[in-house]
Amino acid sequence: MKNPIIKIEGITKKFGIKNALEEIDLSIYEGEFFAIVGPSGCGKTTLLRVLAGFEVPDSGLLFIDDENMRSIPPNRRPLNIVFQSYALFPHMTVLDNIAFGLKVTGVPIKECYQRVKMLLKLVKLSGLDDRFPHQLSGGQLQRVALARALVKRPKVLLLDEPLSALDAKLRNEMRQELVRLQKSMGITFILVTHDQQEALSTADRIAVMNNGRIKQVASPTNLYESPSNKFVADFIGSINLIKCEVRQIEGELCEVTTGLTKDLFSIKGKNEISVGQSYLMGVRPEKIQLTKLTDIDQYDNKLAGIINNITYLGRSSMYHVKVSGDENVVINVSMSHSDRSENIDLCIGESVLMHWTAGSALLLEDHDP
16 MKNPIIKIEG ITKKFGIKNA LEEIDLSIYE GEFFAIVGPS GCGKTTLLRV
66 LAGFEVPDSG LLFIDDENMR SIPPNRRPLN IVFQSYALFP HMTVLDNIAF
116 GLKVTGVPIK ECYQRVKMLL KLVKLSGLDD RFPHQLSGGQ LQRVALARAL
166 VKRPKVLLLD EPLSALDAKL RNEMRQELVR LQKSMGITFI LVTHDQQEAL
216 STADRIAVMN NGRIKQVASP TNLYESPSNK FVADFIGSIN LIKCEVRQIE
266 GELCEVTTGL TKDLFSIKGK NEISVGQSYL MGVRPEKIQL TKLTDIDQYD
316 NKLAGIINNI TYLGRSSMYH VKVSGDENVV INVSMSHSDR SENIDLCIGE
366 SVLMHWTAGS ALLLEDHDP
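Heads up: the sequence shown begins at 16 in our numbering, then just goes up one per residue.
Shown next as structure tokens:
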């Protein structure tokens, strides 16, 4: 792995008595697409502002490219930022908006426009250089903002929820555009977003934050498939969480009871689990198979229930199944179009069987660290 371009050591920031950031330790590597996600108020924007120099931490150290940033003002840091609002000059053309930062820093006019033309081609805006912001679509405005931030060739580009103002289809297109730009230029991108799908589909690694702390840093796959705690499991994607107690451990498998049925459930265990302890059994909706209430004995992990509601989502449907014997437990089951076609006659009010493999379930602590 490459050297860290950013090192954060023990950074804390308070607003009044509230800890916006609490003992943050984080390394972000050169050429990495890194995302920071979390709910509103978790501290992710404050962390971005500390990186940019807009907020001064109460304690801790920040290094960018091995240089301590403590006394370095925002305009002298080797980074640039793309805001949610784009912040383009309405009286300037696309070309002049992108060239503005170069002109201010004294780059010769010829070189300035050469670099702008190169960026226009890279962001697929060639031929639009003489247009004004009000003549552009949302996606084009976003590309102009990106080009303006990239034309100065920063070592790090900060992205503050840059796609939130776009419609769903355009947002999906721009996600891939961001990845393409980052890979082609090799610049470290740091994306701050509350949109889990945005982070999962773009980043090499993701930091999940809550209450001013980093809960886990991992690749998108590891975050989704192997969350380290209850908060990450519930925040990244959808998951069914059921209280359980470990009854026995046999090699890699442990058996748990839930109180929903007399049957035991098998889960691939993790280190440091104890018999008799309470945990949460987590199962992603798409990991659960849904069938009619027949051949019950052939499945190890199973629950009977009644379909309470069906939400049609186009390429999949979400079945909300109320567990038999407990009116308060509803399991969400996601089925793709091909699976749904085989079970097209399943309807609200019908009794069904939910089943899944031991490897599809997670065992999580019933509290967050």
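All C-beta atoms, glycine included, are put in the ideal place defined by N, C-alpha and C.
The structure displayed is predicted, hence computed values, not measured ones.
{"Query": "Buried or exposed by the 16-neighbour rule on C-beta atoms within 10 Å, applied to Gly25", "Result": "exposed"}
{"Query": "Sub-8 Å separation of Val298 and Ser375 beta-carbons", "Result": "yes"}
{"Query": "Sequence-distant residues of the same chain with beta carbon closer than 7 Å to Lys22, five excluded per side", "Result": "Ser42 and Phe78"}
{"Query": "Expected contact under 8 Å - CB spacing of Ala50 and Ala214 to nearest Å", "Result": "4 Å"}
{"Query": "Ser293 and Asp315 closer than 8 Å at C-beta", "Result": "no"}
{"Query": "Residue of Lys302, Asn83 and Leu165 minimising C-alpha distance to Lys317", "Result": "Lys302"}
{"Query": "Leu172 and Ile202 closer than 8 Å at C-beta", "Result": "yes"}
{"Query": "Gly364 vs Ile321 beta-carbon contact at 8 Å", "Result": "yes"}
{"Query": "Own chain, CB closer than 7 Å to Thr272, minus 5 neighbours either side, in chain order", "Result": "Cys259, Glu260, Arg262 and Leu279"}
{"Query": "Candidates Gly252, Pro88, Leu379 and Ala162, of which the one nearest Gln211 by Cα", "Result": "Gly252"}
{"Query": "Own chain, CB closer than 8 Å to Asn323, minus 5 neighbours either side, in chain order", "Result": "His335, Val336, Lys337, Val345 and Ile363"}
{"Query": "Leu63, DSSP secondary structure in three states", "Result": "helix"}
{"Query": "Three or more C-beta pairs below 8 Å linking the region 157-166 and the region 128-146", "Result": "yes"}
{"Query": "Residue burial classification, Ala162 (beta-carbon count within 10 angstroms, cutoff 16)", "Result": "buried"}
{"Query": "Distance between Pro105 and Leu151 (C-alpha atoms, nearest Å)", "Result": "11 Å"}
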